[in-house]
């Protein structure tokens, strides 16, 4: 049996680190989990701090904001292993209530949105039979959080290029201030998450038949509210699950049989959230 390979982006802390630890615990000693992040020192520190046992954890530097970094890492892993089995797209730029959206939206979209589509382009072709590709989004990623006049921008998109184009329109409107006088929500997380889910839906539309025949799951996932310092800047999360607790539900999707109803959707607690 071929040893399995997993990859987690944004994995030096929080949910990403919990996903790496959970994957390593559930996978065999013959398998490899790649813990990635943009800072080499933090990557090495995170790998060193993980408990022993289970799959081997290897660190790799990956800044998804870099135009070519995901593709280069995909090439290296293809040379080493021939393919990948599990990908969690979890890299995120965090934003606080005091941040000016006009100042941060460029970098924000580069990581959260264009970083997601770069990862999808680079690693979806490497998925082996039985593979899982899960993009961590949120329940904000549904059209009901967007003004009806904007639904058509993200609904029915058929390619990642089309998704990138619409994300760029939103980014530019926020950056030049015109979004304030239009229908775009002030909370940048909403259009960003909708863009992530739209990207999954677009790629799933191209791959669905072939992927399901190969027992592959491609989906967006919502871990729910978590007790993290970033969430605490916005909400009262004292009673919310820890990242490790939230990770368990996402890991279940990896190790359970594929439910075709979940393919291409936004899944929360095992249920597919309505797109419209």
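In this note's numbering, the protein residues as written are 499 to 774. Note that beta-carbon positions come from the ideal geometry of N, C-alpha and C, so glycine has one too. These numbers come from a predicted model, not from an experiment.
Counting C-beta atoms within 10 angstroms of its own C-beta, residue 623 has fewer than 16 neighbours from the protein chains shown and is therefore classed as exposed. Excluding five sequence positions before and after residue 651, the CB atoms of its chain that fall closer than 6 angstroms to its own CB belong to 664, given in chain order.
Listed in chain order, the non-local C-beta contacts of residue 538 below 6 angstroms within the same chain comprise 559, local neighbours out to five positions each way being set aside.
Secondary structure at residue 614: helix, using DSSP grouped into helix, strand and coil. Under the DSSP assignment, residue 553 falls outside any beta strand (DSSP E); it carries neither an H nor an E label. Only residues of its own chain outside the window of five on either side were considered, and among them 702, 706, 709, 710, 715, 716, 717 have a CB closer than 8 angstroms to the CB of residue 761, listed in chain order. For residue 637, the CB contacts under 7 angstroms within the same chain, skipping 5 residues up- and downstream, are 720, 766, 771 in chain order. Rounded to the nearest whole angstrom, the C-alpha separation of residue 598 and residue 526 is 45 angstroms.
As for any alpha helix (DSSP H) of minimum length 4 sitting wholly inside the stretch 570-651, the runs are 599-607, 613-621, ordered along the chain. Three or more beta-carbon pairs drawn from the stretch 692-701 and the stretch 623-635 are found closer than 8 angstroms, and the two stretches are therefore classed as touching.
Closest option to residue 552, judged by alpha-carbon separation, among 543, 501, 759, 535: 501. Here residue 570 is exposed. Its C-beta has fewer than 16 other C-beta atoms within 10 Å. Judged by DSSP secondary structure, residue 504 falls outside any alpha helix (DSSP H) and instead within the beta strand (DSSP E) spanning 503-506.
In this structure, DSSP gives residue 718 an extended state, which the three-state scheme calls strand. Judged by DSSP in its simplified three-state form, residue 680 adopts coil rather than helix or strand. If the five residues before and after residue 607 are omitted, its C-beta is found closer than 7 angstroms to the C-beta atoms of 665, 669, 690, all from its own chain and listed in chain order. Look at the beta carbons and you see the stretch 574-585 not touching the stretch 540-556: under three pairs across the two are nearer than 8 angstroms.
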